[in-house]
Structure formats: structure tokens, C-alpha cells
Amino acid sequence: LELPSPWRQPWFPDRGLTVFERPVPSGNTESDEAFQKATNWFRECQATHAHCSVGEAPEMPDRVLDIAAEDNASGVRLVHTHGRKARYACLSHRWGTDTSKALKQNINSLCDEVSWDYLSPTYQDSITFLRKFSNWHQQEYGEEIRYIWIDSLCIIQDSKSDWKKHSLKMSDIYSNSSLTLVESHGLHTEKRLFQDSTSRNPSKHVTVRDAQGKDHELHYRHTICHPTFMVADDNVPVWKRAWVFQERLLSHRLLVFGADELSWQCTGHHKCEC
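Counting along the sequence shown from 1, when you hit position 71 you're at 71 in UniProt numbering, and nothing is skipped either side.
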């Protein structure tokens, strides 16, 4: 158990109890509180880590998803970039049986529209988050991030030549991404990007009285584990995939959507909600 608390130094040596200050996680990675933490991490990285920044808008991958299309119902379409420059994000995730795919037979229709129902829950959540993040980024920096690269939809899955072509470009694709969203869940969580752990790992309250008779309210919860691509966890299989390993290694900024919290990894920092 950990005892997170928004108050500083609730220390009770007379009871043999030392409680270190820890923040209280949002408990829901879709919440406004979690989003604010994500933008704070990005803002700090942008201001202080010159080596994390992509710099000028890079040349985009050959295909990306436009998440702000105005001429179809879902607002999502696959676009051929033809070397166009713009900021974009990437998604790193564990494939499932419901993974949406670009195939030879549907590639043209995906360029007209990627219907919302065709997108897996993970992809829907990623687009929902990026739309909100893009609005914030435009207000903060004057540039939107309206494109996202997702491997299963941006590489033609039943074309060996397309796979070979794009597999040779992985370094550029991920290193030029302004932000890589990472789906990092355990075996026993719902297969989507956003997670709500308030019922699975609730924060509870306890009142502790110090030697002077003053009461202090503390929050306590189970410890949140932090598996990474350097230290894999058997319950988080995504960290063991070689393809995923290279995605983490090549990306300058990772926003990790875990089962219990958001966390941040860049070349200068590793931070988490807890």
C-alpha cells in the first residue's frame, strides 16, 4: 500500500509511521485532470528539453489519418501526404482481434472516410484524445496536430511490398512524431486506450492523530506498478513485443496510458501521476 497525500510532511514518529507526500492520481485517464497533467508535462518538455523537440514541422509519413476531415460523418480519413510537412502523432499499441486494417480492397474507401464504427475502441480513444490535444496545442503554440500515424491503417496489411517499404522508415516515422500515444494495459483490463481504475483501485481515507492530538486525513491505495520497455511485466504483454520496443525507443516523447494512470517518458524525464 502507498499513502498518497496532497499535504506536506504528515509525519508521525511517535507512532512509528512515516508518510511521504505523494500526489493523488486522477483514477481515470480520460478525465480533465489527467489531460491537464499531460499538457503540463508536454509544456515543460517543450520549454526545457531542446533535444526532445522535433523542431520545424517534419515531412509526414506516406499515409496518415486526418482526424479533422470536414467532408464526412466521422471526421476521419486516410490521406496520402506526398511529402507534405505538418506535425503529427503516432500510436503504439497491442493488436487485438478487433484491430482495424487497411487492405488492398478497402484502401480507396478509407481515403474517402474511415467510419467511426470501423475503428477499434483503442483507435476511437486515440482520436478523441488527439482532437482535444490538438485544440490545446493550437492555442498554446499556434499549430494544430490533426494527423496520426497508426500502423494497421497506414500500411496496407496484405501487401508485402508496402510492409517492406514502411518498415524501413520506422526510425523517421517515430522520431519525427510530436507525441506518441502508448496503450499499456494488463491482461485483465478493457482493450482500449482510456482506463478508469476508480473501482478497481480506489483511493480510501483514514484519519491519523499525531502526538499533539491533531487529526490528519490521509489517502491510501495499492501501489501502482510502472513497467517500462526496459523492465517488462508479465501482465503487460505489449512491453515484450520487439515491434513495440522499437516504437518506444525511437520516439522522443511518450504519453503512456496505463491501467491505473497516465505517465510520461521523454529523453529528459520520466513522470507519472502517482
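For every residue, glycine included, the Cβ atom is placed at its ideal position computed from N, Cα and C.
(request) Output yes if chain C places a C-beta closer than 8 Å to the C-beta of Val206; else output no. (result) Annotation note: the requested chain C is absent from the structure, which comprises a single protein chain.
(request) May I ask which residues mark the beginning and end of the beta strand (DSSP E) holding Lys271? (result) 270–272
(request) Going by CA-CA distance only, name the one from His252, Asp260, Glu261, Phe257 that's closest to His269. (result) His252
(request) Find out if the Cβ-Cβ distance for the pair Phe129, Leu65 is shorter than 8 Å. (result) no
(request) Return the residue from the list His93, Thr29, Pro61 that minimises the CA-CA distance to Leu78. (result) Pro61
(message) Going by DSSP, what residue range makes up the beta strand (DSSP E) through Thr81?
(response) Note, Thr81: premise wrong, no beta strand (DSSP E); not H, not E.
(request) Pull up the distance between the alpha-carbon of Trp136 and that of Lys214, whole angstroms please. (result) 43 Å
(message) Could you tell me the alpha carbon to alpha carbon distance between Ser126 and Gln212, rounded to whole angstroms?
(response) 51 Å
(message) I'd like to know if the region 66–73 and the region 158–166 are in contact, where contact means that at least 3 CB-CB pairs between them fall below 8 Å.
(response) no
(request) Give the DSSP-derived three-state secondary structure of Thr99 in the structure shown. (result) coil
(request) Give a yes or no on whether the C-beta atoms belonging to Cys266 and His49 are separated by under 8 Å. (result) yes
(request) Could I get the ranges of all uninterrupted beta strand (DSSP E) runs contained in the region 147–194, with 3 residues as the minimum, in chain order? (result) 147–149, 179–184
(request) Would you identify the three-state DSSP class for Asn235, choosing helix, strand or coil? (result) Because Asn235 sits at a pLDDT of 49, beneath the cut-off of 50, its placement in the model cannot be relied upon, and the following sentence gives the value as read from the coordinates. Residue state, collapsed to three classes: coil.
(request) State buried or exposed for Ala102, treating a residue as buried only when at least 16 other CB atoms are found within 10 Å of its CB. (result) buried
(request) May I ask you to verify whether the region 86–95 touches the region 143–158, counting CB pairs closer than 8 Å and requiring at least 3? (result) yes
(request) Assign His82 to buried or exposed, taking buried as 16 or more other Cβ atoms, counted over all protein chains shown, within 10 Å of its Cβ. (result) exposed
(request) Just the C-alpha distance for Arg146 and Arg87, rounded to the nearest angstrom, thanks. (result) 8 Å
(request) Given a cut-off of 8 Å, decide if Lys271 and Trp116 are closer than it, judged by their beta-carbon atoms. (result) no
(request) Give the secondary structure of Arg253 by DSSP, where H, G and I count as helix, E and B as strand, and everything else as coil. (result) strand
(request) Consult DSSP for Thr267 and reduce its assignment to one of helix, strand or coil. (result) coil
(message) Measuring alpha carbon to alpha carbon, tell me which residue in Lys85, Tyr174, Ser167, Glu183 is nearest Glu143.
(response) Lys85
(request) Decide if Gly258 is buried, meaning its Cβ has at least 16 other Cβ atoms within 10 Å, or exposed. (result) buried
(message) Quick check on the DSSP output: the alpha helix (DSSP H) that includes Tyr123 runs from which residue to which?
(response) 121–141
(request) Tell me whether the beta-carbon of Glu44 lies closer than 8 Å to the beta-carbon of Val76. (result) no
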